[in-house]
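A short worksheet on the structure shown next.
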Amino acid sequence: MNETIAQLKQRFAQAFVAAFGETWSDTDPILVAASNPKFGDFQSNVAMSLTKKLSKPPRTIAELIVQNLDLSDICEPPSIAGPGFINLRLQTSYLETQLKAIQSDPRLGVEPVSQPQRVIVDYPSPNIAKEMHVGHLRPSVIGDCIARILEFMGHEVLRLSHIGDWGTPFGMLIAYLQEAYPEALQSTEGLDLGDLATFYRAAKKRFDQDETFQEAARQAVVKLQAGDEETLQAWKIVCDLSNRTNRKIFDLMGLSDQIQERGESFYNPFLPNVLEELEQLGLLVEDAGAKCVFLDGFTNKEGNPLPLIVQKSGGGYNYATTDLAAIRYRVQVDDAQRVIYPVGVEQTNHFIQIFQVGKKAGWITDDRTFVHLPLGLILGEDGKKLKSRSGDAPRMVDLLTEAINRARTDLETRLQQEGRQESPEFIEHVSQVVGISAIKYADLSQSLTSNYIFNLDRMLALQGNTAPYMLYAYVRVQGISRKGGIEFEQLGNDAAIVLQEEEELVLAKHLLQLDQVLAAVEADLFPNRLCEYLFELSQKFNRFYDRCPILPAEEPQRTSRLILADLTARTIKLGLSLLGIPVLERM
Ligand code: ARG
Numbered sequence: 001m002n003e004t005i006a007q008l009k010q011r012f013a014q015a016f017v018a019a020f021g022e023t024w025s026d027t028d029p030i031l032v033a034a035s036n037p038k039f040g041d042f043q044s045n046v047a048m049s050l051t052k053k054l055s056k057p058p059r060t061i062a063e064l065i066v067q068n069l070d071l072s073d074i075c076e077p078p079s080i081a082g083p084g085f086i087n088l089r090l091q092t093s094y095l096e097t098q099l100k101a102i103q104s105d106p107r108l109g110v111e112p113v114s115q116p117q118r119v120i121v122d123y124p125s126p127n128i129a130k131e132m133h134v135g136h137l138r139p140s141v142i143g144d145c146i147a148r149i150l151e152f153m154g155h156e157v158l159r160l161s162h163i164g165d166w167g168t169p170f171g172m173l174i175a176y177l178q179e180a181y182p183e184a185l186q187s188t189e190g191l192d193l194g195d196l197a198t199f200y201r202a203a204k205k206r207f208d209q210d211e212t213f214q215e216a217a218r219q220a221v222v223k224l225q226a227g228d229e230e231t232l233q234a235w236k237i238v239c240d241l242s243n244r245t246n247r248k249i250f251d252l253m254g255l256s257d258q259i260q261e262r263g264e265s266f267y268n269p270f271l272p273n274v275l276e277e278l279e280q281l282g283l284l285v286e287d288a289g290a291k292c293v294f295l296d297g298f299t300n301k302e303g304n305p306l307p308l309i310v311q312k313s314g315g316g317y318n319y320a321t322t323d324l325a326a327i328r329y330r331v332q333v334d335d336a337q338r339v340i341y342p343v344g345v346e347q348t349n350h351f352i353q354i355f356q357v358g359k360k361a362g363w364i365t366d367d368r369t370f371v372h373l374p375l376g377l378i379l380g381e382d383g384k385k386l387k388s389r390s391g392d393a394p395r396m397v398d399l400l401t402e403a404i405n406r407a408r409t410d411l412e413t414r415l416q417q418e419g420r421q422e423s424p425e426f427i428e429h430v431s432q433v434v435g436i437s438a439i440k441y442a443d444l445s446q447s448l449t450s451n452y453i454f455n456l457d458r459m460l461a462l463q464g465n466t467a468p469y470m471l472y473a474y475v476r477v478q479g480i481s482r483k484g485g486i487e488f489e490q491l492g493n494d495a496a497i498v499l500q501e502e503e504e505l506v507l508a509k510h511l512l513q514l515d516q517v518l519a520a521v522e523a524d525l526f527p528n529r530l531c532e533y534l535f536e537l538s539q540k541f542n543r544f545y546d547r548c549p550i551l552p553a554e555e556p557q558r559t560s561r562l563i564l565a566d567l568t569a570r571t572i573k574l575g576l577s578l579l580g581i582p583v584l585e586r587m
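If you're matching positions, the sequence shown starts at 1 in UniProt numbering and goes up one per residue.
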């Protein structure tokens, strides 16, 4: 509908000129979706906004506009309601033509943006001296979705995982590797460290038991930062192990395979230079031995300005320094116009601070947008931060595995009830897709900033705004094609679409709104808008399916309804794929 709206605006501009003169051509027609479908599809509120300027009653203004408004190829004759609302209803034949146009378009009418940008999405960015945990669920799921949508809209997207791969937490792991696998430093051939979890647990056990080991771990950090060859080698082995483990999780979650690791260590060589630049700009202040940048808007209890530390008194750099180097690199080398950080809300201050320094330093110029998307927390049933039985942050693998297992139980029960026999491969595949999709969809359908309770029963429900509901809507359409022996691709581009019943019209209008929804998500980065759109689409489809017989209908209704069903399925498939969710043909 983006194009329709653009056309309507243009016609309004012509009417303004004809009714009030050349100078009125830029007036905003204040077009909005009709408040009630009874009144039509769109409504213009412009008449009320012009009463003062034209010193005429709004109804008179509305009449003058309508007299000069030529929409005969798009809408029914406009009507005026209340104080001066102009109501517009799209012609059925217009809708039919629009639908025909998207039928043969693999993008379903969604035009790529006219000015593609270079965009960086910083995700999922785990800290790799530890296993991935619940804290990285939202960044993974939301980052992946945003990257997919922006790419689909025509932008060039770089997916950068800003992994925490440097510093103190590695000391313990390096020391353990050196102690337990000394041969690894000679050659990693045939080396099997098991999975990170086992390795990490063993290292932690040593650390907790032995003071000399603790000292070795501390020494390892010092040596690592001093660039000692052997320590660096051990560090690299540990990083590889961790990245390999995480890749498996990415695969299981179906995250894009285009994610690049560009972690904190990557920026090490640039840190002294970042400080130098800040120094030259006169931004650096020494405070109790540490080097700081003072920030606007951050004060302590006494009202004194608070600094952002960029070099600790011992000379070490920190998370903020690295992120500043990353900002500079993303501007100067990557030349990114938009950089998006989907990261937990608890890091809000960090991002406000580094963006502010980035601007003061002249790296983030007005033509570039750096945004932090402050993601709400995932809570347990008790309304507190979700915890595992041991009281730690639940491991990502455990959450995913539990969802898959629950999906499998649900599926097996359903198969039994329906007396269906399916192969073990089918059961495995469906459980995995349903389990993972349920978690992802539940996350994406929440607003980014709100906290939500992790409840697998609700996420896996077949009813409501859930992944299984959406997947099932798709399966339902595929069922029609199987039952009728119909190949949707063969419906033919010359077959007519005829919209007669109310349910058909409602569904048709919804199908035509995909481009508006994606344009909105492209701008404000709220994936829950797309979930909402898809959920309403399946509801509208279900109403259509209940009221309008498809296979038993006479021609031309039959083919027309099959096309509507196919367009619904393709819209769901495309929409879900942008959420990072695959469809199932059967479930
Ligand atoms: N590694 C960080 C964490 O796990 C997240 C990094 C987010 N990205 C960034 N550029 N700071 O909390």
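Virtual Cβ for every residue (Gly too), placed ideally from N, Cα, C.
Any idea what DSSP makes of residue i, helix, strand or coil?
| i | result |
| --- | --- |
| Thr97 | helix |
| Glu504 | helix |
| Gln91 | coil |
| Glu286 | strand |
| Glu418 | helix |
| Leu271 | helix |
| Lys52 | helix |
| Ala438 | helix |
| Tyr472 | helix |
| Leu377 | coil |
| Gln186 | coil |
| Ser423 | coil |
| Tyr13 | One detail in the question is off: residue 13 reads as Ala in this sequence, not Tyr. In the structure shown, Ala13 sits in a helix (DSSP, three-state: H, G or I). |
| Gln214 | helix |
| Val134 | helix |
| Pro169 | helix |
Which residues in the same chain have their Cβ closer than 6 Å to the Cβ of residue i, if we skip the five residues on either side of it in sequence?
| i | result |
| --- | --- |
| Arg547 | Glu503 |
| Leu447 | Rather than Leu, the amino acid found at residue 447 in this sequence is Ser. Counting only Cβ-Cβ distances below 6 Å, and skipping sequence neighbours, we find Asn528. |
| Leu50 | Ile61 |
| Gly358 | Ile327, Ile364 |
| Arg543 | Glu503 |
Would you kindly check if the distance between the Cβ of residue j and the Cβ of residue i is under 8 Å?
| i | j | result |
| --- | --- | --- |
| Ser79 | Asn87 | yes |
| Gly154 | Tyr123 | no |
| Ser161 | Arg262 | yes |
| Leu90 | Val119 | no |
| Val121 | Val157 | yes |
| Leu173 | Tyr181 | no |
| Leu562 | Tyr452 | no |
| Gly84 | Ala33 | no |
| Tyr441 | Ala467 | yes |
| Val221 | Gly171 | yes |
| Val430 | Leu584 | yes |
| Trp235 | Leu252 | no |
| residue 671 | Ile439 | The requested residue 671 is not part of the displayed model; the chain covers only 1 to 587. |
| Arg395 | Glu230 | no |
| Val339 | Arg330 | yes |
| Leu514 | Leu579 | no |
| residue 614 | Ile65 | Because the chain in this structure spans residues 1 to 587, residue 614 falls outside the shown range and cannot be described. |
| Val498 | Pro556 | yes |
| Leu95 | Ala508 | yes |
Excluding the 5 residues preceding and the 5 following residue i in the sequence, name in chain order all residues of the same chain whose CB lies nearer than 8 Å to its CB.
| i | result |
| --- | --- |
| Gln421 | Leu415 |
| Ala520 | Phe526, Arg529 |
Label residue i either buried or exposed according to how many other C-beta atoms from any shown protein chain fall within 10 Å of its C-beta, with 16 as the threshold for buried.
| i | result |
| --- | --- |
| Pro549 | exposed |
| Gln115 | exposed |
| Ser423 | exposed |
| Thr299 | exposed |
| Pro139 | buried |
| Arg389 | exposed |
| Gln293 | Here residue 293 is Val; the residue named in the question, Gln, does not match the sequence. The residue is buried, with at least 16 neighbouring Cβ atoms inside 10 Å. |
| Asn465 | buried |
| Ser437 | buried |
| Gly575 | buried |
Residues in its own chain within less than 7 Å of residue i by CB, not counting five upstream and five downstream?
| i | result |
| --- | --- |
| Ala203 | Met172, Leu173, Tyr176 |
| Lys53 | none |
| Gln463 | Tyr469 |
| Leu232 | Leu224 |
| Gly484 | Leu551 |
| Phe152 | Leu578 |
| Lys103 | According to the sequence as given, residue 103 is Gln; it is not Lys. Around Gln103: Asn493, Ile563, Leu567. |
Taking only runs that begin and end inside the region 480–533, name each unbroken beta strand (DSSP E) of 3 or more residues, in chain order. none
My parser needs the alpha helix (DSSP H) runs of 4 or more residues fully inside the region 216–261; what are they? As for any alpha helix (DSSP H) of minimum length 4 sitting wholly inside the region 216–261, the runs are 229–253, ordered along the chain.
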